[in-house]
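What follows is a short report on a single structure.
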Amino acid sequence: MQKWPFKIEYLNQQGHGVTKIADQLAIIPKTLVDEEGTAKVLRENKKTKFLEIDEIKNQSDRRIKPQCQYYSNCHGCQLQHMNYADEIEFKKKQFTHSLNSLFQNYEIKIIKSDKHRYNYRNRVQLHYDLNCKKIGFQNPFTGLITPISNCILANENIQAAIDKFMAHDIWHELVPPTEPKKGHIEFYDIGQKVHQTWNQPHGSKGFTQVNTLLNEQVKKILAQTHKESKFGNTLELFAGNGNLTNHLKLTKRVCVDFYNEAQGSFINLNLYDKNALDRFKFSHSSKYKTLILDPPRKGFNQLAQWAQELEPKQIIYMSCNYHSALKDIENLNGYQLKEVYLIDFFPNTHHFEALIILQRA
Ligand SMILES: C[S@@+](CC[C@H](N)C(=O)[O-])C[C@H]1O[C@@H](n2cnc3c(N)ncnc32)[C@H](O)[C@@H]1O
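Here the numbering used here is used: the first residue of the sequence shown is 2, the next is one more, and so on.
This is the structure we're talking about:
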């Protein structure tokens, strides 16, 4: 296979090195700016080549030795070859670039995970292929599976469950006969027990945040915010089990999600239904002082409509995808930025959690 020489010019939003090769954009994961070497093409289209490192000849002095034995082949992590300070700086730079299109004069507050850069995940998905008897992480560029038998991002309980599952090398006999030949298994630590589910969307047993320690930090920030400017009547959308407000003493709270049983202050509603707001208004008060939302990656493009109807004084938007969050916020009328946090929920990956607190101007 042809080996292409490269010199990295910049890192893209996923933390992959970018350069030009033969007049095409070239993306080479796990490289750093100014690094030089050779790389092999994994996949390409008219505009872009996706490559993997063959050899690094001129290594950046910012590079560190990744802790994971699978790092060079596994695409679960993208930033393990950066020191942690650089990882945070990289994330801050990406976030700032997007925030600048909407806001001026703000300071990003950063909640780091430096003491827990590894062993933090309470949920891990492994992909399997019974045809070739492989289980591990899937390469997004090739669809191929890198076999792994441990993940240094998994917490102790998850790793123990994976060890048990992989013992004796007969995991393929454990795939239920009703499951497809290719798919995924999720290991999910819910406290007393690690659940295993086959080919279900992640968190199908009910969503909980993947990083238990940093989730506690978010709850502390919300408690402090509530202390400073009382939340009053609060509506929490995409509330799951009410994680973000369970610990707060609120005068009135309504939580909406689509998997909850409707019970007490919990409402079962598909928030992406085009009539969701009308359905909600039909049976519930439409005035709230505080609106909290924590949608899936695609965001909530009906936010502006809900805000116009409910007229909340503050909106607290938590998101694992700041791009969709900022798009939703851009459509709001009459709100200004009060505080913004970068919470490093997913160390070693390009992902992080954004917490954006807005106040009616
Ligand atoms: C990022 S999680 C947040 C959960 C919760 N805030 C927490 O901290 O644990 C997103 C939530 O959105 C819910 N969800 C996804 N699609 C939905 C829909 N169409 N309508 C209502 N809720 C939905 C999921 O069930 C999940 O609980």
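The beta carbon of each residue, even a glycine, is placed where N, CA and C say it ideally should be.
- Look at the beta carbons and you see the stretch 116 to 132 touching the stretch 179 to 193: at least three pairs across the two are nearer than 8 angstroms.
- In this structure, ligand 1 has no non-hydrogen atom nearer than 7 angstroms to the beta-carbon of N212.
- In the three-state reduction of the DSSP assignment, R118 falls in the coil class, being assigned neither a helical nor a strand state.
- Annotated three-state conformation of Q126 is strand, per DSSP.
- In the structure shown, F353 falls within a coil segment according to DSSP collapsed to helix, strand and coil.
- Judged by pairs of C-beta atoms under 8 angstroms, the stretch 283 to 296 touches the stretch 310 to 319, as three or more such pairs exist.
- Bridge partners of E340 according to DSSP: I358.
- In this model, L343 and A23 are separated by some 37 angstroms (Cα to Cα).
- Counted as a single uninterrupted DSSP element, the beta strand (DSSP E) harbouring D55 occupies residues T49 to N59.
- For N322, the distance from the CB to the nearest heavy atom of ligand 1 is not below 7 angstroms.
- A contact between stretches requires three or more CB pairs, one per stretch, nearer than 8 angstroms, and the stretch 32 to 39 meets this requirement with the stretch 54 to 73.
- Relative to the non-hydrogen atoms of ligand 1, the Cβ of N242 comes within a distance shorter than 7 angstroms of at least one.
- In this structure, the alpha-carbon of E10 lies about 10 angstroms from that of A27.
- In this structure, D55 places its C-beta atom within 8 angstroms of the C-beta atom of K4.
- Taking C-beta atoms as the reference points, L43 and E331 fail to come closer than 8 angstroms.
- In this model, E108 and E174 are separated by some 53 angstroms (Cα to Cα).
- Assignment of beta-bridge partners to H196 by DSSP yields Y189.
- The Cβ atoms of K339 and Q360 sit closer than 8 angstroms to each other.
- Residue Q160 holds the alpha-carbon nearest to the alpha-carbon of K194 among L214, F353, Q160 and H203.
- For F208, the shortest separation between its Cβ and any heavy atom of ligand 1 lies below 7 angstroms.
- Linking N120 to V211 through their CA atoms gives a straight-line distance of about 11 angstroms.
- Between N322 and G300, the CB-CB gap stays under 8 angstroms.
- Membership of W5 in the beta strand (DSSP E) is indicated by the continuous run K4 to K8.
- Relative to ligand 1, L270 has its C-beta within less than 7 angstroms of a heavy atom.
- Contact check for S320 and A355: beta-carbon distance about 5 angstroms, within the 8 angstroms limit, so the pair qualifies.
- Short note on F283: C-beta not closer than 7 angstroms to any heavy atom of ligand 1.
- Counting only runs of 3 or more residues that sit fully inside the stretch 220 to 248, the beta strand (DSSP E) segments are 235 to 238, in chain order.
- Minimum Cα-Cα distance from H17 among the listed residues I146, N234, F208 and P141 corresponds to P141.
- Rounded to whole angstroms, the gap between the alpha carbons of Q139 and H351 is 17 angstroms.
- A contact is defined here as three or more CB-CB pairs under 8 angstroms, and the stretch 290 to 298 meets this definition with respect to the stretch 226 to 244.
- Under DSSP, A40 forms a beta bridge with W5 and I54.
- If you draw a 10 Å sphere on the C-beta of D164, you find fewer than 16 other C-beta atoms in it, and that means exposed.
- In this structure, the straight-line span from the alpha carbon of T143 to that of F347 is close to 24 angstroms.
- Rounded to whole angstroms, the separation of the alpha carbons of G77 and K253 is 41 angstroms.
- Looking at the DSSP output, I330 bridges to nothing.
- Scanning its chain for C-beta atoms nearer than 7 angstroms, with the 5 sequence neighbours on each side dropped, one finds around N132 the residues K182, in chain order.
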